[in-house]
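A short write-up of the structure that comes next.
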Amino acid sequence: MNHDVRQQQKEELKALGKALFHDLKAHESMTLTYSGEKSLFIRINQTKVCQASHIDQGFVSMDFISHNCHTETTFSITGQLTEDLKRAWEALGNCRNECKTLPEDPYIVLPEEGESSDENHYGKLAPEDKLADILLKPAEPCDLAGLYAAGILMRASMNSKGQFHWFSTENFYFDYSLYTSSQKAIKATYAGSEWDDEKYTASLQEAKRRLEILEQHPRKLTPGKYRVYLAPPAAAEFLNLLTWSGLSEQSLRQGQSPLKKLSEGEMKLSPLFSLDEDFHLGLIPRFNEFGEISPLKISLIKEGELASLLVNKRTAQEYSLTSNAANISETPRSVKVQPGNLKESSILSRLGTGVYISNLHYLNWSDLQNGRATGMTRYGCFWVEEGKIVSPIQDMRFDETLYNVFGDCLEDLGEKAELIPHIFSYGEQSLGGTSVPGMLLNNFTFTL
Amino acid sequence: MSRNLTERLKKLHHQADWVGVREVKETLRNCIARNGKIEQNTMTIDHGLMVEVLVDGQFAYCGTSDTSTQALQTACDRAVLLARHMSSRKIFPFTPDHRPLAVGEYHAPAEILLNKATAGDVAGLLIDATQKMKLSDKIVNCMAHALLSEKESTLVSSTGSHIHQVFSSVASIMSATAQDGSEIQTRSTGVPCHQGGLEFLDRAVIEREAERVGRESLELLTAEQCPTGVYDLVLAPDQLYLQVHESIGHPLELDRILGDERNYAGWSFVQASDFGKLQYGSPLLNVVFDPTLMSEYASYAFDDTGLPATRQYLIKDGILLRGIGGIDSQKRLALPGVACSRASSWNRPPIDRMANINIEPGDTSFNEMISGVERGIYMTTNTSWSIDDYRNKFQFGCEYARLIENGKLTKVLRNPNYRGTTKTFWHNLKKVGDASTFEIWGSPGCGKGEPNQGITVGHAVPACLFGDIEVFGGSL
Ligand SMILES: [Zn+2]
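Residue numbers (the numbering used here), protein chains in the order written: chain U, 1 to 448; chain H, 1001 to 1476.
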């Protein structure tokens, strides 16, 4: 049945595109980008259902070029061709009118012919009628808060030169946290494409085990420099900040990159640190808004040095560069950090005396040009003495440069990377994830 | 939009105890110019329906971008089924009384309608602004961005509610980045945002502001680094609004206090028992929830559950009185709240949101405030923000600062930052600016909720003086 839903949507889009492209004049061209989902969201608090919603949505972005003018209209679609054509003709009318009034765009990117693609991932989701019990019964009597999200996510891109890309996937995640009576918490995520009660129970058991340590009285640390271990979800938070604008050619050119000093060779990162855009993870389509297919792997930082930045077609036009099929915002879509030599079993002994940080929260640049960021520890963070967990800590604020975190202070990375799925859902569910190992650091600065 | 949503609702077949339908259509123009050229012009037309049902004490939702009659019936059926499936584990037994009958209208006043400007008019204005900013070759990047929204929302219910609200709003930002050798500084206008029309994209104001940010970006290149130490701190409204947002608005949200947000946005140091008792800040601190202030970004007459919106004190003379929670949180906590259940669009259920949270003006003029400071810093325009999940330990960065020496504004300072903890900070409030310092600010994208929702908030605040604040600059 799910198969039918996707096929139907794909065929509807093709028909929509065909009608629109057929209507274009010689001086006009068009790229259509589609993003749709059929999602179920269940919000949990106190191990009870707080809010539950089904969302069925689709949006088409019409990127329209007339002579050297360029505009875009995005509209919601219904999946019913007659109604969607009505909306599409309206959007086309709007684009044509706007192009008459807009100045020329000097960096226009014309659609091109190219290979097409069709990628589908199928899953097996838990049945809705039993879901409340499936999620909550094994968690009892713990206090659990979280979000279960599941459904079919679809993306497409097609242009008036005949290119058509399609991607669909069916998956779920249960992003949750468990709480002690004194409100200390452990965070966990169980995600995948086939729901498995046993795997879920195992995830819960591990979280419950870690929760026990949190029952002890938290230690208050004084500001200063500490040895710390950033568990993979914490390392992923720092990476998300770094990759938000750090690997973008346009943000570097516009003076908004935290990696300016790295790009100019003034600063270096650790030779232990290598970061790739790696689509082997298969979580997200390789095609971008321009219809280009990204290479399967792009080395971005290699052994502490900048290997390449992400360049999209528009930036390439502006600065006479070659595009590497980056997306419009030049953010990596599938980050993979190379693992190191730190064995899982020796994390605490290698940390020695310091802080085990499970999660970080609310990161922001405190000095962008110098790559300095601030943020907070969150959830299960522990004080470790001579390789043994002693107690949880009270949350601390850090203020530290990326040149220390991924450079001078980096002692080692975990030998196994963990996949941290992207679970943002502003407007729509996001795709992709970050593959990252834990990171062992010395001299990490807490300020408050 | 549907001609008669009430009739459409009446025709639905269902076995729910209560049904509401909210239809939303938003037309959003997003235009960006950079270095004298157009960078982006996009129009988004987002239209859909959200059905909310109550079955066996459980609310459930189904949203769809298909606005047809058949899709509306399907959405209703799926919501009913979902509510039934979840009701055995409901967090609270809701009743139809929790969606009281309401009928009314709201139209955000717009002096000049947004459709009076073409895409080319808006682009032209922004392109000119980027050229005004470029006062020197040292200015390497000039950007101007405008966000124009027209939004219409209709909410009807099976008990006869009918609310129709029309919003028009404008937000903008202009920024100039200057470079001299390895020193790079960006100065911007912040993000002025208002309900209203094209009067908030006035050419004379835009051009004047463009020149100012260009000039001040150059000043920052040669400015001294902000010193490190404990200082008196005067915050301009374009920084203070975000301090209010993060360290008063969010911790007072009742859904955070209930723990609904623990897994994402976070919790709060405020507890349900604190209302009516907690001394949140100095007696000079008066904070209101005010969705009625003309032209503020998040004004409205009814929230998305149909509660009529009225002005309420949240903090009076420094004492915490009331939380920011809509009807569902009010019932769950048995506490008073405000009309603030809002959804980012048709595709998300309403949750507790800030709307307009304002500090009432005091009686100190800006000059009096500065002249009373022996050794201090005046900071303007937020550039960085971070706070912990209980809303205690914060850190903010601003774009531009001035040293205050013996009652006078002196040198320009670059990379100003400050940090502290919420209650201590608000207890250190020493002076509150008068009405002449009062400015309307806000944000187009406050994020919280699972699934996530970004929404407009408004914050109108005067300039304020705080004592003994930990201040510091950039890396050396
Ligand atoms: Zn916010």
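Beta carbons are placed, not taken as given, at the ideal position from N, Cα and C, and that holds for glycine.
Inset, instruction - Tell me whether residue 422(U) counts as near ligand 1, meaning its Cβ is closer than 7 Å to at least one heavy atom of that ligand. - result: The residue labelled residue 422(U) in the question sits at position 422 within the first sequence. Checking the Cβ of residue 422(U) against ligand 1 gives no.
Inset, instruction - Note down, in chain order, each residue of its chain lying with its Cβ closer than 7 Å to the Cβ of residue 305(U), except the 5 sequence neighbours on either side. - result: In the first sequence, residue 305(U) corresponds to position 305, counting from 1. If you ignore the 5 residues before and after residue 305(U), its C-beta comes within less than 7 Å of the C-beta of 268, all in its own chain and listed in chain order.
Legend entry - Chain-ordered chain H contacts of residue 94(U) [CB-CB under 7 Å]: The residue given as residue 94(U) occupies position 94 in the first sequence. The contacting residues are 1043.
Legend entry - Outcome for residue 341(U) when other beta-carbon atoms lying within 10 angstroms are tallied against a minimum of 16: As a first step, residue 341(U) is located in the first sequence; it is residue number 341 there, counting from the start. Exposed is the call here.
Inset, instruction - Check each residue of the stretch 350 to 366 of chain U: if its Cβ is closer than 9 Å to any Cβ of chain H, include it; give the result in chain order. - result: Per Cβ criterion, the list reads 361, 362, 363, 364, 365, 366.
Inset, instruction - Apply the 10 Å Cβ neighbour rule to residue 1055(H) and answer buried if 16 or more other Cβ atoms are within range, or exposed otherwise. - result: In the second sequence, counting from the first residue as 1, residue 1055(H) sits at position 55. Residue 1055(H) comes out buried.
Legend entry - For residue 1358(H), the first and last residue of its enclosing beta strand (DSSP E): What you label residue 1358(H) is simply residue 358 of the second sequence in a count that begins at 1. Segment 1357 to 1359, the beta strand (DSSP E) holding residue 1358(H).
Inset, instruction - May I have a chain-ordered list of the beta strand (DSSP E) segments no shorter than 3 residues that lie completely inside the stretch 166 to 199 of chain U? - result: As for any beta strand (DSSP E) of minimum length 3 sitting wholly inside the stretch 166 to 199 of chain U, the runs are 185 to 192, ordered along the chain.
Inset, instruction - Report the residue from 1304(H), 1372(H), 1385(H), 1012(H) whose alpha carbon sits nearest the alpha carbon of residue 374(U). - result: Position 374 of the first sequence, counted from the start, is the residue given in the question as residue 374(U). Selected option, being the one with the closest Cα: 1385(H).
Inset, instruction - Determine, using beta carbons only, whether residue 228(U) and residue 275(U) come nearer to each other than 8 Å. - result: Counted from its first residue, the first sequence places residue 228(U) at position 228. Counted from its first residue, the first sequence places residue 275(U) at position 275. At a Cβ-Cβ threshold of 8 Å, residue 228(U) and residue 275(U) do not count as neighbours.
Inset, instruction - Kindly say whether residue 54(U), judged by its beta-carbon, lies nearer than 8 Å to any beta-carbon of chain H. - result: One-based indexing of the first sequence puts residue 54(U) at position 54. At a cut-off of 8 Å between beta carbons, residue 54(U) contacts chain H.
Inset, instruction - Give the single residue among 1063(H), 1390(H), 1405(H) whose Cα lies nearest to the Cα of residue 184(U). - result: The sequence position of residue 184(U) within the first sequence is 184, counting from 1. It is 1390(H) whose Cα lies nearest to the Cα of residue 184(U).
Inset, instruction - Would you check if the stretch 61 to 79 of chain U and the stretch 96 to 115 of chain U touch, i.e. whether three or more CB-CB distances between them fall below 8 Å? - result: Below 8 Å, enough C-beta pairs join the stretch 96 to 115 of chain U and the stretch 61 to 79 of chain U to call them touching: three or more.
Inset, instruction - With DSSP as the reference, label residue 65(U) as helix, strand or coil. - result: On the first sequence, residue 65(U) is found 65 positions in, with the first residue counted as 1. Note: residue 65(U) maps to strand in three-state DSSP.
Inset, instruction - Evaluate residue 1101(H) with the Cβ neighbour count: other Cβ atoms within 10 Å of its Cβ, from every protein chain shown; 16 or more gives buried, anything less gives exposed. - result: Taking the first residue of the second sequence as 1, we reach residue 1101(H) at position 101. Sixteen is the threshold: since fewer than 16 other Cβ atoms of the shown chains lie within 10 Å of the Cβ of residue 1101(H), the residue is exposed.
Legend entry - Length-filtered (4 minimum) alpha helix (DSSP H) runs lying within the stretch 1400 to 1437 of chain H: You should have 1422 to 1427.
Inset, instruction - With a threshold of 7 Å, establish whether the CB of residue 1446(H) neighbours any heavy atom of ligand 1. - result: For this step, residue 1446(H) is matched to residue 446 along the second sequence. Within 7 Å of the C-beta of residue 1446(H) there is at least one heavy atom belonging to ligand 1.
Inset, instruction - Compare the C-alpha of residue 16(U) against each of 125(U), 158(U), 73(U), 321(U) and name the closest. - result: The residue you call residue 16(U) lines up with position 16 of the first sequence. Closest by alpha carbon: 158(U).
Legend entry - Interface residues of the stretch 1438 to 1464 of chain H facing chain U [CB-CB below 9 Å]: Within the stretch 1438 to 1464 of chain H, the residues whose Cβ lies closer than 9 Å to some Cβ of chain U are 1445, 1447, 1449, 1450, 1451, 1452, 1453, 1454, listed in chain order.
Inset, instruction - Identify which residue in 425(U), 48(U), 60(U) has its Cα closest to the Cα of residue 1090(H). - result: Taking the second sequence and counting its residues from 1, one reaches residue 1090(H) at position 90. Nearest to residue 1090(H) by C-alpha distance, out of 425(U), 48(U), 60(U), is 48(U).
Legend entry - Classification of residue 449(U) by the beta-carbon crowding that lies within 10 angstroms, buried from 16 upward: Outside the shown range of chain U, which is 1 to 448, sits residue 449(U), and nothing can be said about it.
Inset, instruction - Just the C-alpha distance for residue 171(U) and residue 87(U), rounded to the nearest angstrom, thanks. - result: In the first sequence, residue 171(U) corresponds to position 171, counting from 1. In the first sequence, residue 87(U) corresponds to position 87, counting from 1. Roughly 30 Å separates the two Cα atoms.
Inset, instruction - Check whether the stretch 343 to 355 of chain U touches the stretch 379 to 388 of chain U, counting contact only when three or more Cβ pairs, one atom from each stretch, lie closer than 8 Å. - result: Touching, yes.
Legend entry - CB contact flag (residue 284(U), residue 432(U), <8 Å): Reading the first sequence from its first residue, position 284 is the one you call residue 284(U). Reading the first sequence from its first residue, position 432 is the one you call residue 432(U). Cβ distance < 8 Å, so residue 284(U) and residue 432(U) count as in contact.
Inset, instruction - Taking only beta-carbon positions, decide if residue 1416(H) is within less than 8 Å of chain U. - result: Looking up residue 1416(H) in the second sequence gives position 416. No, residue 1416(H) lies away from the interface with chain U (no Cβ there is under 8 Å from its Cβ).
Legend entry - Sub-8 Å separation of residue 60(U) and residue 38(U) beta-carbons: Reading the first sequence from its first residue, position 60 is the one you call residue 60(U). Reading the first sequence from its first residue, position 38 is the one you call residue 38(U). For residue 60(U) and residue 38(U), no; Cβs fall outside 8 Å.
Legend entry - Alpha-carbon to alpha-carbon, residue 441(U) and residue 1320(H): Looking up residue 1320(H) in the second sequence gives position 320. Looking up residue 441(U) in the first sequence gives position 441. Going by C-alpha positions, residue 1320(H) is about 42 Å away from residue 441(U).
Inset, instruction - Have a look at residue 1304(H) and residue 1350(H) and give me their C-alpha separation to the nearest angstrom. - result: Counting from one through the second sequence, the residue named residue 1304(H) turns up at place 304. Counting from one through the second sequence, the residue named residue 1350(H) turns up at place 350. Rounded to the nearest angstrom, the gap between the Cα atoms of residue 1304(H) and residue 1350(H) is 6 Å.
Legend entry - Partner residues on chain U for residue 1078(H), Cβ-Cβ distance less than 7 Å: As a position in the second sequence, residue 1078(H) is number 78, starting the count at 1. Here the neighbours are 54.
Legend entry - Beta-carbon gap between residue 1224(H) and residue 1411(H) smaller than 8 Å: One-based indexing of the second sequence puts residue 1224(H) at position 224. One-based indexing of the second sequence puts residue 1411(H) at position 411. Against a cut-off of 8 Å, the Cβ pair of residue 1411(H) and residue 1224(H) comes out as a contact.
Inset, instruction - Give the interface partners of residue 146(U) over in chain H, defined as CB-CB distance under 8 Å, in chain order. - result: The residue labelled residue 146(U) in the question sits at position 146 within the first sequence. Here the neighbours are 1263, 1450.
Legend entry - Residues that residue 1428(H) contacts on chain U, provided the C-beta gap is smaller than 7 Å: Counting from 1 along the second sequence, the entry for residue 1428(H) is found at position 428. Against chain U, the beta carbon of residue 1428(H) has no neighbour under 7 Å; the closest one sits roughly 15 Å away.
Inset, instruction - Would you be able to state if there are at least three C-beta pairs under 8 Å between the stretch 1009 to 1018 of chain H and the stretch 1076 to 1086 of chain H? - result: Enough Cβ pairs lie closer than 8 Å, so yes.
Inset, instruction - Give a yes or no on whether the C-beta atoms belonging to residue 1038(H) and residue 92(U) are separated by under 8 Å. - result: Here the question's residue 1038(H) lines up with position 38 in the second sequence. Here the question's residue 92(U) lines up with position 92 in the first sequence. No, these two residues do not count as a Cβ contact at 8 Å.
Legend entry - Residue span of the alpha helix (DSSP H) that contains residue 1120(H), given as start and end: Within the second sequence, numbered from 1, the residue matching residue 1120(H) stands at position 120. Counting along the chain, the alpha helix (DSSP H) containing residue 1120(H) begins and ends at 1119 to 1133.
Inset, instruction - Check distances from the C-beta atoms of the stretch 47 to 74 of chain U to those of chain H and list, in chain order, the residues that come in under 7 Å. - result: Contacts with chain H (Cβ-Cβ distance below 7 Å) from the stretch 47 to 74 of chain U involve 48, 49, 50, 51, 52, 53, 54, 55, 56, 57, 58, 71, 72, 73, 74, listed in chain order.
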